[in-house]
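Taken in order, these protein sequences are the chains called A and B.
Here the UniProt record's numbering is used: the first residue of the first sequence is 1, the next is one more, and so on.
Here the UniProt record's numbering is used: the first residue of the second sequence is 1, the next is one more, and so on.
Beta carbons: idealized from backbone N, C-alpha and C, even for Gly.
Model, not experiment: these values are computed from the prediction.
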Amino acid sequence: MNARIVAALLLLPMAAQSQGFAGLGTEAQDFARPVPERALEFPADHGPHPDYRIEWWYLTANMTGPDGTSYGLQWTLFRSALAPRDGEGWETPQLWMGHAAVTTPEAHHVAERLARGGVGQAGVQADPFLAWIDNWAMEGPDFDNLRLTASGSDFAYDVELRAAGPLVRHGQDGYSVKSAAGQASYYYSQPFFELSGTLTLPAGDVPVTGAAWLDREWSSQPLAEDQQGWDWFSLSFDSGDKLMGFVLRGSTDYTSATLIAADGQATALADGEFAANPLEWHNVAERQVPTTWQVSLPAEGVDVTVTALNPDAWMQTSVPYWEGPVTVTGSHNGVGYLEMTGYD
Amino acid sequence: MTGVILSALASHWRRSPLQLLTLLLGLALATALWSGVQAINAEARASYASAAGTLGEGQFAQIMASDGSPLPQQTYTALRRAGWLVSPVIEGRFGPVQIVGLEPLTAPGGLGPVSVDGGGDLAAFLSGSGQIFARADTLARLPDTGVPGVVAPDVAPDTAITDIGLAQRLLDRPGQIDRMVVLPDQPVTRRPLAEVAPGLRLAAPQDGGDVAQLTDSFHLNLTAFGLLSFAVGLFIVHGAIGLAFEQRRAMVRTLRALGAPLQRLILVMAVELAVLALVAGTIGVALGYVIAAALLPDVAATLRGLYGAEVSGQMTLRPTWWLSGLAIALVGTAVAASGALWSLARMPLLGGAHPRAFSMSHRHRGKSLLALALLLAAAAMAVWGKGLMAGFVMLGALLIGGALTLPPLLTLLLASAEKRAKAPVTQWFWADTRQQVPGLSLALMALMLAMAANVGVSTMVSSFRLTFVGFLDQRLASELYVRVEDPAQAAAIIAAAADHADAVLPLLSADLEIAGRQAEILGVRDHATYRDNWQFLRASPDVWDRLAEGDGVLVNEQMYRRAGLDLGADVALGQGVSLPVLGIYGDYGNPAGQVIVTEDLFRSLFPDVIPQQFGLRVDPDQVTTLRDRLRDEAGVPVSAMIDQAAVKAASLAIFERTFTVTTALNVLTLAIAGFAILMSLLTLAGMRLPQLAPVWALGLTRRRLAALDLLRTLLLAALTGAVALLLGLALAWALLAVVNVEAFGWRLPMYLFPLDYLRLGLLALLAAAVAALWPAWRLSRTPPAQLLGVFRNER
C-alpha cells in the first residue's frame, strides 16, 4: 500500500533527507526492488528485509473497557536503511523508529523511540517472532500468537493477540502495484487478531478486549513529488467484512482498496472505485484536519460515515500526523482506524 | 488627478536624486541597524546557550559504573531494553584533543551537533566516513583521521564531538562506553537499575542554576540593547522622513493651489512613502545581515543561513526576521510620516511654504516640560518602582526624556556662551549656532542616543566581564574540582591526591532553613585559597580570622537582601547555634541564599554529611597528571572533574566574541548617527545662505565661514557627547542596578571605563567631522554670485 511507504519515508527524516540529495539518488538504485515473480514465504518474510529501503510492522486495535468505553491502540516499528546492507555494531546503516499510542474518548497518549540497528537496541526476527525497540515488543512463538507491549511517560499497555483468520495478501499475491509509474511493494496483513489485555492510563489500569489489524509492508521507492499526503482507512464491519482503502492527495487523487470477506477472501479494487470525502474539519495542533468522512464503495454497496473517536488523536512525533480509532455508521456499522498525513 | 500628483511627486525626486538617495539610505541604514542587532543578538544568545551546553551536560542525570571504570556497550542496550531512556557517551584523549562520542538518535535534544529534528546532517553524521565537529583551531590540531571535520565554534575548546561508533574506533575502545545521559522524561514501566545491571551509579543532575542565571541576565541586557538600537533607528527614520516632507512643502502648496484635493494628495504621498519604505527596508535587512555576517566570526555560515540552509551550531536567519525588519521600516515610516502629514494637512493653502527648520519653535517649552516630567518619572521609578516592568518603564522614560532634554539644554548652554562673548564674530558664532539647533536637533538626538547606548552597553558588558571573571577566580580558586559520590570514593581521592596535590580542600554542604527560607550552608576549611581570592561586598575587620575562630558566618548577597541579614545580624543555624554575620559576598547567578561556616562548625552541626566536592590545589602543570591519577587510582570519572583553567578559558573565549560584536556595533551606530548629521547639514546648507550672505559681505571669507561651520558641528557633537555620557552611565546603572536586581535578585557592580568613553567620544567627534566636511567644503566653494544673489532677491 503506497501510502504507508510515504509514511515511513516522511516519518524517518534521515531517509527523506538522503532522498533529497542528488548524490544519494544513485544509491537508491542499489536497493532491491519488488518483483511480481517472488512469492511470499512465511515465516521468513515476517522478518526484516535489509536490502529494501523501508519496512514496517504496523498494528492498530479497537478495544472496549468493562464499562463499554471505546479505546484505540497503535504499535508501529519502522525500519529505514541508509544503505542496502546489514551488519553488527554502530556502523550498521539500519535505523529503527517506534511509535506507540493509546486513544481514549478524552485523551491521546503518544510515545516515540529511535534506535540504531546492530547494537541490539531494536530489530526483528522471524521465527520465533520478535519485533522490538527498547522495552517495546511484539513477541510470540509464531505470528498468530503474539504479546504486545509498549510504554511512554504517561501510559503503557500489555495485550495478547490471537489470530482468528488467515493472512491476507494484497494485490497480486502480496505484490502490490502502486501507480501508473510502476511503483510497487510487498504488502500483506493480518486483520483478524482478537485482543485482550490491560491499558495503563493516568487514572489506573483498564482491562480491555477487542480486535487488532497488523500491516506488513516493505519497498524501496517513494511516491511522486506532487503527492502531499494521504487518508488511509482500515474498517471492520459488524458483518465480519473488512475494508482497507486510501486516497493519495496529489494533482490528481489516486485511490486503492481491498475488500476482505469474513473468511479472508480478498478483492482488490482499482483506482477510482473507493471514494472518501471530508464532512467535518477539526482544529488540532494549530491546523485543520478532517475528522468525519463519507466513505463509499458503490460497486459493493458500501456508503458509510466515519467519525473519529477522539478528533485530537494527533501524533506529535518527529514528523507529526493524525492516527486514531473511528466508528462507522451507515450502510454498514463497525469500527476501524484512520490515518491522515500532510495536513500542514 | 492621481497620475498628475504622482508625476509631480516623482519629478521632485528626479530633480533632486540626492534627496531620494538620502531618504532611502537613511531608512535602509536604520533598518540595517535594527536587523543587524537582532542577528548579532541571536548569535550571542546561541553561542552562550551552546557554550553552557558543551561545558557539561550536567543538566541531565547520568549513569556510570560505581568505580568510574568504562562500561560495556551491552549495559547500555540492557538498560534501554529495560525501559530506561539513556544515551551512551564515550570520551577520551585523541592526540591533543578530547574526543566525545555521542549517539544522536537517543541523545536529549540540544546535546550534540545533529538531531532527528533537523539540526545538522544526521545521515552524514551517522553513515559513511562520519563527521567530527570542533572549533577550527581544534580541527587543525586533530591528527589526520580521514574523517571530514565540521567547524563548530560553539564546541568547547580542545574538544571534538563525533558519533559514538566513530569515537570508539578513534579511541580504539570497541564496544565500550564511559557513561550514559539519562533523559528527563522516563516511561511509566521501567525495571530498577540494580536489577538490570548491578554496579551502576545514578548521579543526579548538577545544579546548572549558576551559569544559566548569569547568561539569562546577559540575555536581558542584550534585549535592552536591541530596544536602544530600535530607538536610535526610529530617530533616524524620523529625520529622513521629516526631511522628505520639509523639502516638498512648496510643491505641495503649489499642487493644492492648482486644485489637487488634500485627501488624495495625502493618500498618494502615504502610498509613495510605503513603497519607498518597503524598498529601503528590503535593502536595509539585507545590509543588516551583511553587516552581521561581516562582524561575526563565521561569515560563510551566516550567509548560508541567509539562504535557508541549516548550519550546525550557527545562527539561522528566519523569515520572521526579514518580516520584522520590513515592519520596522514601515512602522518607523508611518510614525514619522503621520506627524508630517498632519502638519501638511493643516498647512494654510497660501501660507509660507518655507521649510520650518529655522523657526525657533515655541513648542520648545512643551518639550522641555515633557522631558523634565519623563526624567522625574524615571527617578521616581528608580526610588519607588517595584518589579521588572517598572525597570523597563524607567529605561524608556530615561531614554526619551534624555533625548528630549538635549535641544533645550544645548540652547541654554549656547545662550549663556553668547552672553559672555565679547567679539562680534564670536557673538555671531554662538547666536548662529543656537539658531541651528532646532534644524539639527533630530540628528543630534540620534547621535546622543547612539552614544548613550554605546556607553551604556560597553559599561554593562565590561562590568559583566570583570564581575564574572572575578567571580570565577573566587569560586574556581583551586586548580581541579572533583565531585564525590560516597565516603569510599572520598577516602580514595584523599589517598590518591595526598602526595601530589598541595592541598585537598573538602567542600561540605547541606540544606538548611534560615529566617524562614530554604538556604544552603557550606563548610569550608581555613586555607589561603579562600583568604587570597575571596572578595567581599562588605565585611568586618579580620573577617577570615574571626571566621576561623568560629565567631561568625559569611552570607551571600541574596541572603543579605532577602532576609535582611546585615553585618552583625545573628543567623540561627539550628541546634541552638546562632552566630553574627561577618561578611557579605557576591554570589552571581545563584538563586538561593547561602551561608558559609568553618569546616569544624559544619561537622559539629551536620555530623553525617560527607564532602560532595573536593578542591585540589596543585601546580597548574600537574593538573593533567593528577587528573589521570585520580581516574586510574580513585576511579573518578573524567566527567566528575572540572579543570579550572579550561572553564575559565572557555568563558573568556565567549566574552571575546561579545566584545568584537560590541565594538563593531559602536562603530556602526556612530556611523549612522554621522549620516543623520550629514543629511541635516545638507538640508540646512541651502536655507542658510540668506543668513551667511550678510556676514560674508561684512568681510568674513568663505573659507573662514566654512571653518566656523566645521567647528560648530564639532562643538555641537562634543556638547551632545558630554550629555550622552551622562545619559549612557545612567542607562548602564539602570540596567545593572535596577533591571538586574528586579529580574534576578542580585546586583551587578558597575565599573567605569574612562578610556573606553574617551575612545567613544573621539569616534563620535570623528563621525561628526566626517559628516560636516563635505557641507563645509561646499560652502567654501559657494560662488560669490550666489551669495550676492541673496541681496538681489531680497524683497
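Query: Which residues bound the beta strand (DSSP E) around Phe602 (chain B)?; Result: From DSSP, Phe602 (chain B) is part of no beta strand (DSSP E) but of the alpha helix (DSSP H) over Glu599 to Leu605.
Query: Along chain A, which residues have their Cβ under 7 Å away from the Cβ of residue 851 (chain B)?; Result: With chain B covering only 1 through 795, there is no way to say anything about residue 851 (chain B).
Query: Tell me whether Ser16 (chain B) is buried or exposed, calling it buried when 16 or more other Cβ atoms sit within 10 Å of its Cβ.; Result: exposed
Query: Assign Arg688 (chain B) to one of two classes, buried (16 or more other C-beta atoms within 10 Å of its C-beta) or exposed (fewer than that).; Result: buried
Query: Kindly indicate if chain A contains any beta-carbon less than 7 Å away from that of Arg81 (chain B).; Result: yes
Query: Listed from N- to C-terminal order along the chain, which residues in the segment 82-109 of chain A have their beta-carbon within a distance smaller than 8 Å of any beta-carbon of chain B?; Result: Leu82, Ala83, Gly89, Trp90, Glu91, Pro93 and Leu95
Query: So, with DSSP's three-state summary, where would you put Asp619 (chain B)?; Result: coil
Query: So does the segment 64-78 of chain B actually touch the segment 126-145 of chain B, counting three or more Cβ pairs closer than 8 Å?; Result: no
Query: Can you give me the start and stop residues for the alpha helix (DSSP H) that Ala10 (chain B) sits inside?; Result: Thr2 to Arg15
Query: For the alpha helix (DSSP H) containing Phe536 (chain B), list its first residue and its last residue.; Result: Premise fails: Phe536 (chain B) is in no alpha helix (DSSP H) and is neither H nor E.
Query: What are the boundary residues of the beta strand (DSSP E) that includes Leu146 (chain A)?; Result: Asn145 to Ser151
Query: So, with DSSP's three-state summary, where would you put Tyr530 (chain B)?; Result: helix
Query: Comparing C-alpha positions only, which one of A:Pro166, A:Trp322, A:Arg169 and A:Gln221 sits nearest to Asp231 (chain A)?; Result: A:Trp322
Query: Quick one: which chain B residues come within Cβ less than 9 Å of Asn135 (chain A)?; Result: Arg80, Arg81, Ala82, Gly83, Trp84, Pro187, Thr189, Arg190 and Arg191
Query: Could you name the residues of the same chain whose beta carbon sits closer than 6 Å to that of Ala776 (chain B), not counting the 5 residues immediately before and after it, in chain order?; Result: Ala706, Asp709 and Leu710
Query: Which chain A residues sit within Cβ distance under 8 Å of Ile164 (chain B)?; Result: Trp90
Query: With 7 Å as the threshold, decide whether the Cβ of Gly146 (chain B) is near any Cβ in chain A.; Result: no
Query: Between which residues of its own chain and Leu763 (chain B) is the CB-CB distance below 8 Å, once the five residues before and five after are set aside?; Result: Asn666, Val667 and Leu670
Query: What whole-angstrom Cβ distance do Met64 (chain B) and Ala203 (chain B) have, given they're in contact under 8 Å?; Result: 7 Å
Query: I'd like to know if Ile5 (chain B) contacts chain A, where contact means its C-beta is closer than 7 Å to some C-beta of that chain.; Result: no
Query: DSSP state of Val306 (chain A), grouped into three classes?; Result: strand
Query: Is the segment 714-730 of chain B close to the segment 625-632 of chain B, with three or more CB pairs under 8 Å?; Result: no
Query: Using a Cβ-Cβ cut-off of less than 9 Å, list which residues of the segment 146-173 of chain A approach chain B; keep chain order.; Result: Thr149, Ala150, Ser151, Gly152, Ser153, Asp154, Phe155, Ala156 and Asp158
Query: Is the shortest distance between the beta-carbon of Val119 (chain A) and the beta-carbons of chain B less than 7 Å?; Result: yes
Query: Please state whether the Cβ-Cβ distance between Val597 (chain B) and Val555 (chain B) is less than 7 Å.; Result: no
Query: Considering only the beta carbon of each residue, do Leu73 (chain A) and Val119 (chain A) sit closer than 7 Å?; Result: no
Query: Spell out the partners DSSP gives Ser189 (chain A) in its beta bridges.; Result: A:Val168 and A:Asp215
Query: Of all the options B:Glu246, B:Leu442, B:Asp542 and B:Leu582, which has the alpha carbon lying nearest to the alpha carbon of Glu557 (chain B)?; Result: B:Leu582
Query: Which partner residues does Gln98 (chain B) have in the DSSP bridge list?; Result: B:Arg93 and B:Thr159
Query: What is the DSSP secondary structure of Ser324 (chain B), counted as helix, strand or coil?; Result: helix
Query: Distance cutoff 7 Å, beta carbons only. Does Ser331 (chain A) sit that close to anything in chain B?; Result: no
Query: Can you tell me whether DSSP reads Lys367 (chain B) as helix, strand or coil?; Result: helix
Query: Give me, in chain order, the residues of the same chain whose beta-carbon lies closer than 7 Å to that of Ala431 (chain B); leave out the 5 immediate sequence neighbours on both sides.; Result: Glu418
Query: Let's test the definition: count the other Cβ atoms within 10 Å of the Cβ of Trp774 (chain B) and tell me whether it reaches 16, buried, or not, exposed.; Result: exposed
Query: Here's a check: name, in chain order, each residue in its chain whose Cβ is nearer than 6 Å to the Cβ of Ala685 (chain B), leaving out the five neighbours to either side.; Result: Pro775
Query: Do three or more CB pairs link the segment 62-73 of chain A to the segment 85-99 of chain A at distances below 8 Å?; Result: no
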